[in-house]
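**Student:**
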Amino acid sequence: MSSLQQAISFLSGTGMLIALAVFVLGCLFHVIRYIGGLDAKKDRVAYGYHADRSVPGIFASIFKWLLPCATAGWRSAPLTTFIFFCMHAGCVLVPLFVAGHVVLLKSALGIEAGLPMLPLAVADVLAAVTIAGVLICAVRRLVSPFQKALTSGADWLILFLTGAPFVSGFLVRVCCPDSAELMLVHLVCGNLFLLLAPFTKLSHIVLFFMSRAQLGMEYAIKRGGQTRGGVFDW
Amino acid sequence: MKTASIKRIAFSLAVLAGILFLGQQAQADGDAPFIKIAKTGISAEKMPAVVLSHEAHIKHADDDCSVCHTEAEDKYLNIDTLAPAKRQGAVHAACASCHIQKGKGPLLAQCSSCHSQQRLANLDSKKK
Chain A
1 MSSLQQAISF
11 LSGTGMLIAL
21 AVFVLGCLFH
31 VIRYIGGLDA
41 KKDRVAYGYH
51 ADRSVPGIFA
61 SIFKWLLPCA
71 TAGWRSAPLT
81 TFIFFCMHAG
91 CVLVPLFVAG
101 HVVLLKSALG
111 IEAGLPMLPL
121 AVADVLAAVT
131 IAGVLICAVR
141 RLVSPFQKAL
151 TSGADWLILF
161 LTGAPFVSGF
171 LVRVCCPDSA
181 ELMLVHLVCG
191 NLFLLLAPFT
201 KLSHIVLFFM
211 SRAQLGMEYA
221 IKRGGQTRGG
231 VFDW
Chain B
1 MKTASIKRIA
11 FSLAVLAGIL
21 FLGQQAQADG
31 DAPFIKIAKT
41 GISAEKMPAV
51 VLSHEAHIKH
61 ADDDCSVCHT
71 EAEDKYLNID
81 TLAPAKRQGA
91 VHAACASCHI
101 QKGKGPLLAQ
111 CSSCHSQQRL
121 ANLDSKKK
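Protein sequence lines, in the order shown, are assigned to chains A and B.
Going left to right, the first sequence walks through residues 1 to 234 as my numbering numbers them.
Going left to right, the second sequence walks through residues 1 to 128 as my numbering numbers them.
#1: Under 8 Å by Cβ, that's how I've got V129 (chain A) and G90 (chain A) pegged, so tell me the actual separation to the nearest angstrom.
#2: Do S125 (chain B) and D178 (chain A) have their C-beta atoms within less than 8 Å of each other?
#3: With a threshold of 8 Å between beta-carbons, can L13 (chain B) be considered close to chain A, or not?
#4: Taking the continuous alpha helix (DSSP H) assigned at F29 (chain A), which residues delimit it?
#5: In whole angstroms, give me the CA-to-CA distance for A121 (chain B) and F34 (chain B).
#6: Assuming contact is defined by CB atoms lying nearer than 8 Å, are L104 (chain A) and S168 (chain A) in contact in what I supplied?
#7: For the beta strand (DSSP E) that contains K36 (chain B), what are its first and last residues?
#8: At a CB-CB cut-off below 8 Å, which residues of chain A make contact with A109 (chain B)?
#9: Can you give the Cα-Cα distance for G110 (chain A) and E218 (chain A), rounded to whole angstroms?
#10: Does the Cβ of S9 (chain A) have 16 or more other Cβ atoms within 10 Å, making it buried, or fewer, making it exposed?
#11: For I221 (chain A) and S54 (chain A), what's the separation of their Cα atoms in angstroms?
#12: At least one CB of chain B closer than 8 Å to the CB of S107 (chain A): is that the case?
#13: Please list, in chain order, the residues of the segment 118-141 of chain A that have any C-beta partner in chain B closer than 8 Å.
#14: Do A213 (chain A) and I32 (chain A) have their CB atoms nearer than 8 Å?
#15: Quick one: any contact between the segment 18-30 of chain A and the segment 198-212 of chain A, if contact means 3 or more CB pairs under 8 Å?
#16: In the structure shown, what three-state DSSP assignment does S53 (chain B) receive?
#17: Does the beta carbon of P78 (chain A) sit closer than 8 Å to a beta carbon anywhere in chain E?
#18: Ends of the alpha helix (DSSP H) at D155 (chain A)?
#19: Can you look up H88 (chain A) in the DSSP assignment and give me helix, strand or coil?
#20: Taking its Cβ as the centre, do 16 or more other Cβ atoms sit within 10 Å of I9 (chain B), making it buried, or is it exposed?
#21: Starting from A180 (chain A), find everything on chain B with Cβ-Cβ shorter than 7 Å and list it in chain order.
#22: Terminal residues of the continuous alpha helix (DSSP H) containing C137 (chain A)?
#23: CA-CA distance, V174 (chain A) and R141 (chain A)?
#24: Using CA coordinates, which residue listed in B:E55, B:H60, B:A38, B:K7 is at the minimum distance from K104 (chain B)?
#25: Could you check where the alpha helix (DSSP H) with Y219 (chain A) kicks off and where it finishes?
#26: Along the alpha helix (DSSP H) that carries V91 (chain B), what are the first and last residues, could you check?
#27: So is K36 (chain B) in contact with chain A if we call contact Cβ pairs under 8 Å?
#28: Which whole-angstrom value describes the C-beta separation of P116 (chain A) and F85 (chain A), a residue pair presumed to lie in contact below a C-beta threshold of 8 Å?
#29: In its own chain, which residues sit with a C-beta less than 7 Å from the C-beta of M47 (chain B), not counting the 5 before and 5 after it?
#30: In whole angstroms, what is the alpha-carbon distance linking L82 (chain B) and P106 (chain B)?
#31: With burial defined as no fewer than 16 other Cβ atoms inside 10 Å of the residue's Cβ, what is the status of F166 (chain A): buried or exposed?
The structure is reproduced here in structure tokens:
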């Protein structure tokens, strides 16, 4: 086997499993650290009380922020919301459900059961939309005065980490299906995403759920939450 | 230049072009015949069917047909006996392990090298 094929073999087998393990353990660490860092006295929220309100409050908050029109925050910026949701749909669905990834994971783990596979045409559209979304986010960071003031290297890093595997994978699909070199680039970018995600702002993959859960609890416990009809009386 | 000479040159160039074109076609079919791996239970919209060069595989199997034709000459890789849900995994494992062992042929990560939309289209157009 040539060194190129050895690299491909490693990065789509053992290397991929290592990156996946780092990703899962890193995200788990974030969850444990977040929950461990909750302090009823410092946060001034009685987390252990009013479970009949706080537990539904957790799920209400997470659920509403997962729908593009369910919160005032999303509704206040409809175009941005639309672009974000399109981009995130691809970001989540393509890595999990594209046929090649499902097959490689099954093979690496030695299992027969796997996630369902997306039709190739659907995966192509989602990937194209995600790439467009990442580019729009990048342009927005350069153009919008609010974004420019807040943007740092960490933000550019996650745009690169997300965009690179999508661009390289999309190129393999539409331009050069037989190119082993391009497939290696895709494998490197994909594994890099998994390895670095827990150490970058990509940790929002799990921390979104943590902060939404915490705020959902706080609003439910302190301010009545769903007892107010689910809408905060500003 | 005389008209006759121009005609001769043009004719020669045309013949040359024709030979080169046919030569290209022959090169493309150099590893013919191509065969399609069917009945794997995966719909075409999820992955185009695998089309492989039978000649190339005979060469690398050291003329031992039973490497792939495990049950009979007209069957391969136990596809008929396996449950549909297990076929894809079994075929991938069989093909990939031989490719790795021989150090030739695409790896599992090189999906489009075996699931080539181009070769499938060529095969389907030839059958018509």
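All C-beta atoms in this analysis are idealised placements derived from N, C-alpha and C, irrespective of residue type, glycine included.
**Tutor:** Walking through what the data contain:
#1: Taking the first residue of the first sequence as 1, we reach residue 129 (chain A) at position 129. Taking the first residue of the first sequence as 1, we reach residue 90 (chain A) at position 90. About 5 Å separates the two Cβ atoms, so the contact holds.
#2: Against the second sequence, residue 125 (chain B) aligns to sequence position 125. Against the first sequence, residue 178 (chain A) aligns to sequence position 178. Taking 8 Å as the Cβ cut-off, S125 (chain B) and D178 (chain A) do not qualify as a contacting pair.
#3: Along the second sequence, read from residue 1 onward, the residue named residue 13 (chain B) stands at position 13. No - not a single Cβ of chain A is within 8 Å of the one on L13 (chain B).
#4: Counting from 1 along the first sequence, the entry for residue 29 (chain A) is found at position 29. First-last of the alpha helix (DSSP H) with F29 (chain A): 14-36.
#5: For the purposes of this step, residue 121 (chain B) is taken as residue 121 along the second sequence, with counting starting at 1. For the purposes of this step, residue 34 (chain B) is taken as residue 34 along the second sequence, with counting starting at 1. Distance between the alpha carbons of A121 (chain B) and F34 (chain B): 12 Å.
#6: Position 104 of the first sequence, counted from the first residue, corresponds to residue 104 (chain A). Position 168 of the first sequence, counted from the first residue, corresponds to residue 168 (chain A). No. Outside cutoff.
#7: Residue 36 (chain B) sits at position 36 when you count from the first residue of the second sequence. Segment 34-36, the beta strand (DSSP E) holding K36 (chain B).
#8: Counted from its first residue, the second sequence places residue 109 (chain B) at position 109. What A109 (chain B) touches in chain A: I8, S9, L11, S12, G100, L104, M183, L187.
#9: Position 110 of the first sequence holds residue 110 (chain A). Position 218 of the first sequence holds residue 218 (chain A). Their Cα atoms are separated by approximately 44 Å.
#10: As a first step, residue 9 (chain A) must be located in the first sequence, where it is residue number 9. It counts as buried.
#11: As a position in the first sequence, residue 221 (chain A) is number 221, starting the count at 1. As a position in the first sequence, residue 54 (chain A) is number 54, starting the count at 1. C-alpha separation (whole angstroms): 6 Å.
#12: Indexing the first sequence from 1 puts residue 107 (chain A) at position 107. Yes, S107 (chain A) lies at the interface with chain B (some Cβ there is under 8 Å from its Cβ).
#13: L118, P119, L120, A121
#14: Within the first sequence, numbered from 1, the residue matching residue 213 (chain A) stands at position 213. Within the first sequence, numbered from 1, the residue matching residue 32 (chain A) stands at position 32. Cβ distance not < 8 Å, so A213 (chain A) and I32 (chain A) don't count as in contact.
#15: yes
#16: In the second sequence, counting from the first residue as 1, residue 53 (chain B) sits at position 53. S53 (chain B): strand per DSSP, three-state reduction.
#17: No chain E is part of this structure, whose protein chains are labelled A and B.
#18: Walking along the first sequence from the start, residue 155 (chain A) turns up at place 155. From DSSP, the alpha helix (DSSP H) with D155 (chain A) extends over 153-174.
#19: On the first sequence, position 88 is the one that residue 88 (chain A) refers to. Three-state DSSP puts H88 (chain A) in a helix.
#20: By one-based count along the second sequence, residue 9 (chain B) stands at place 9. Its Cβ having fewer than 16 others within 10 Å, I9 (chain B) is exposed.
#21: What you label residue 180 (chain A) is simply residue 180 of the first sequence in a count that begins at 1. Near A180 (chain A) (Cβ distances below 7 Å), the residues of chain B are Q110.
#22: As a position in the first sequence, residue 137 (chain A) is number 137, starting the count at 1. That run of the alpha helix (DSSP H) goes 120-143.
#23: Here the question's residue 174 (chain A) lines up with position 174 in the first sequence. Here the question's residue 141 (chain A) lines up with position 141 in the first sequence. Straight-line Cα distance between these residues: approximately 28 Å.
#24: Mapped onto the second sequence, residue 104 (chain B) falls at position 104. Comparing Cα-Cα distances from K104 (chain B) to each of B:E55, B:H60, B:A38, B:K7, the minimum goes to B:H60.
#25: For the purposes of this step, residue 219 (chain A) is taken as residue 219 along the first sequence, with counting starting at 1. 204-223 is the extent of the alpha helix (DSSP H) around Y219 (chain A).
#26: As a first step, residue 91 (chain B) must be located in the second sequence, where it is residue number 91. Residues 84-102.
#27: Start at 1 with the first residue of the second sequence, and residue 36 (chain B) comes out as number 36. Not closer than 8 Å to any Cβ of chain A, the Cβ of K36 (chain B) fails to qualify, so no.
#28: Here residue 116 (chain A) is taken as the residue at index 116 of the first sequence, counted from 1. Here residue 85 (chain A) is taken as the residue at index 85 of the first sequence, counted from 1. Actually they are not in contact, since the Cβ atoms of P116 (chain A) and F85 (chain A) sit about 21 Å apart, beyond 8 Å.
#29: Locating residue 47 (chain B) in the second sequence gives position 47, counting from the first residue. The answer, listed in chain order, is H115.
#30: Counted from its first residue, the second sequence places residue 82 (chain B) at position 82. Counted from its first residue, the second sequence places residue 106 (chain B) at position 106. Between L82 (chain B) and P106 (chain B), the C-alpha separation is close to 24 Å.
#31: The residue labelled residue 166 (chain A) in the question sits at position 166 within the first sequence. F166 (chain A) comes out buried.
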